[in-house]
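Asker: When we follow this note's numbering, the leftmost residue of the sequence shown carries the number 127, and every step to the right adds one.
Following this message is one structure expressed as structure tokens.
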Amino acid sequence: MSTNPYGTPGYRPAHARPDDTDTYVAIVDEAAADVAAASHLDGGSSSALRIVWLYPDLLSTYGDRGNLLILVRRAQLRGLAVEAIEVRSDQAVPADGDIYLLGGGEDGPQALAAQRLAADGGLHRAIDRGAAVLAICAGYQLLGRSFFAKGAKYPGLELLDLDSDRGPSRAVGELVGEPDPALGLPTITGFENHGGRTHLGPGVKPLARVSAGIGNDGSTEGAWRDKIVGTYMHGPALARNPALADLVLGWATGAPLGPVDDTWPGRLRAERLAAVRLG
Numbered sequence: 127m128s129t130n131p132y133g134t135p136g137y138r139p140a141h142a143r144p145d146d147t148d149t150y151v152a153i154v155d156e157a158a159a160d161v162a163a164a165s166h167l168d169g170g171s172s173s174a175l176r177i178v179w180l181y182p183d184l185l186s187t188y189g190d191r192g193n194l195l196i197l198v199r200r201a202q203l204r205g206l207a208v209e210a211i212e213v214r215s216d217q218a219v220p221a222d223g224d225i226y227l228l229g230g231g232e233d234g235p236q237a238l239a240a241q242r243l244a245a246d247g248g249l250h251r252a253i254d255r256g257a258a259v260l261a262i263c264a265g266y267q268l269l270g271r272s273f274f275a276k277g278a279k280y281p282g283l284e285l286l287d288l289d290s291d292r293g294p295s296r297a298v299g300e301l302v303g304e305p306d307p308a309l310g311l312p313t314i315t316g317f318e319n320h321g322g323r324t325h326l327g328p329g330v331k332p333l334a335r336v337s338a339g340i341g342n343d344g345s346t347e348g349a350w351r352d353k354i355v356g357t358y359m360h361g362p363a364l365a366r367n368p369a370l371a372d373l374v375l376g377w378a379t380g381a382p383l384g385p386v387d388d389t390w391p392g393r394l395r396a397e398r399l400a401a402v403r404l405g
């Protein structure tokens, strides 16, 4: 197990707004202490929910570490024991995790992450045994068959039926969409910053249909199959979309989750969705 990899309490993106979101950020910061404590479990527990944060030294931009904090916090609110594990790019990927998280990153780190994950094979073995995966931006692209980085085409992990290439312009700004009805999610909201475009094959379904922003191609956003979901949403994605966090937790636990108080996440969502409507 690693020592606390989750940063200084009080960390927040530079673009965060000094309004009601401050209170929600404070709540998330409280969760950071819980995550740090979870990371110090002696020897781990076979009964604990194991959340594995893959390659934060290569893939962790635009607040993507927040996805780990949100999952831990929402699991703990349901009384679930949680073990948070950081796996750096020079370490073996454990195959016995329940949820695996991949974040965004620049071209060089993305290409290196794909190469090391392919050589390691641990993520593939984990998925074969039923683990859930949430992948963001560069992490999402590298789950596909191929992606572009540093001006060249690289092979992906072939875990999702999709390919990514370069778009005509950079997609930057708010991203909103209506999710696949099969997922039972409300409107999604996030922040995107990427130069790629992603083309889905028949083996995946889009996470959502875009109503604002670009996402995959200006029409769809993200992709999913089985217990794997990829998205271009930063924000972090799960702070803005607690129902998506609960979906991933439900996939991992195989059990229905009880309700929690989502007053502050709801205010954050309302503020960001209102900002898109107002332009």
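Even glycine gets a Cβ: it sits at the ideal position worked out from N, Cα and C.
In chain order, what are the residue ranges of uninterrupted alpha helix (DSSP H) at least 4 long that sit wholly in the segment 341-395?
Answerer: Here the runs fully enclosed are 363-366 and 368-379.
Asker: Would you tell me roughly how many angstroms separate the C-alpha atoms of glutamine 236 and glutamate 318, rounded to the nearest one?
Answerer: Locating residue 236 in the sequence shown gives position 110, where the first residue counts as 1. Locating residue 318 in the sequence shown gives position 192, where the first residue counts as 1. So the alpha carbons of these two residues sit roughly 17 Å apart.
Asker: Is there contact here, the segment 177-189 with the segment 225-239, by at least three beta-carbon pairs under 8 Å?
Answerer: Yes, since at least three Cβ pairs between the segment 177-189 and the segment 225-239 fall closer than 8 Å, the two stretches touch.
Asker: At 3 residues or longer, what runs of the beta strand (DSSP E) sit wholly inside the segment 186-213?
Answerer: Segments of the beta strand (DSSP E) lying fully in the segment 186-213: 208-213.
Asker: Look at the Cβ atom of glycine 321, then the Cβ atom of arginine 292, and state whether they are nearer than 8 Å.
Answerer: Residue 321 sits at position 195 when you count from the first residue of the sequence shown. Residue 292 sits at position 166 when you count from the first residue of the sequence shown. Result yes, Cβ atoms of glycine 321 and arginine 292 sit closer than 8 Å.
Asker: Within 10 angstroms of the Cβ of arginine 296, are there 16 or more other Cβ atoms? Answer buried if so, exposed if not.
Answerer: Numbered from its first residue, the sequence shown carries residue 296 at position 170. By the neighbour-count rule (16 or more Cβ atoms within 10 Å), arginine 296 is not buried but exposed.
Asker: What is the DSSP secondary structure of proline 235, counted as helix, strand or coil?
Answerer: Here the question's residue 235 lines up with position 109 in the sequence shown. Helix at proline 235.
Asker: Is the separation between the beta-carbon of leucine 333 and that of alanine 349 shorter than 8 Å?
Answerer: Residue numbering aside, residue 333 sits at position 207 when the sequence shown is read from its first letter. Residue numbering aside, residue 349 sits at position 223 when the sequence shown is read from its first letter. In contact: leucine 333 and alanine 349 (Cβ atoms closer than 8 Å).
Asker: Measuring only the C-alpha atoms, how far is glycine 361 from glycine 189?
Answerer: In the sequence shown, counting from the first residue as 1, residue 361 sits at position 235. In the sequence shown, counting from the first residue as 1, residue 189 sits at position 63. The straight-line gap from Cα to Cα measures roughly 6 Å.
Asker: From the DSSP output, which residues share a beta bridge with valine 178?
Answerer: By 1-based counting over the sequence shown, the position of residue 178 is 52. DSSP lists Ile211 and Tyr226 as partners of valine 178.
Asker: For arginine 403, does the three-state DSSP call read helix, strand or coil?
Answerer: If you number the sequence shown from 1, residue 403 lands on position 277. The answer is helix: DSSP assigns arginine 403 an H, G or I state.
Asker: DSSP puts leucine 260 in a beta bridge; with which residues?
Answerer: Translated into positions along the sequence shown, residue 260 becomes position 134. Leucine 260 is bridged to Leu227 and Val355.
Asker: Name the DSSP beta bridge partners of proline 281, please?
Answerer: Counted from its first residue, the sequence shown places residue 281 at position 155. DSSP, once it has assigned bridges, lists Ser272 as partnering proline 281.
Asker: Between which two residues does the beta strand (DSSP E) holding arginine 292 run?
Answerer: Here residue 292 is taken as the residue at index 166 of the sequence shown, counted from 1. 288-305 is the span of the beta strand (DSSP E), which, as asked, contains arginine 292.
Asker: Which residues in the same chain as arginine 251 place their Cβ atom closer than 7 Å to its Cβ, once the five residues preceding and following it in sequence are excluded?
Answerer: Mapped onto the sequence shown, residue 251 falls at position 125. Hits under 7 Å: Ala221.
Asker: Does glycine 380 pass the burial test, meaning 16 or more other C-beta atoms within 10 Å, or should it be called exposed?
Answerer: Translated into the one-based positions of the sequence shown, residue 380 becomes position 254. Exposed.
Asker: Of the residues Gly248, Ser290 and Leu285, which one's Cα is nearest the Cα of alanine 275?
Answerer: Here residue 275 refers to the residue found at position 149 of the sequence shown. Of the candidates Gly248, Ser290 and Leu285, the one whose C-alpha sits nearest the C-alpha of alanine 275 is Ser290.
Asker: Under a Cβ-count criterion, where at least 16 other Cβ atoms within 10 Å of its own Cβ denotes burial, should leucine 404 be classed as buried or exposed?
Answerer: On the sequence shown, residue 404 is found 278 positions in, with the first residue counted as 1. Per the 10 Å Cβ criterion, exposed.
Asker: Mind the definition here: the segment 339-349 touches the segment 297-304 only if three or more C-beta pairs lie below 8 Å; say whether that holds.
Answerer: Enough Cβ pairs lie closer than 8 Å, so yes.
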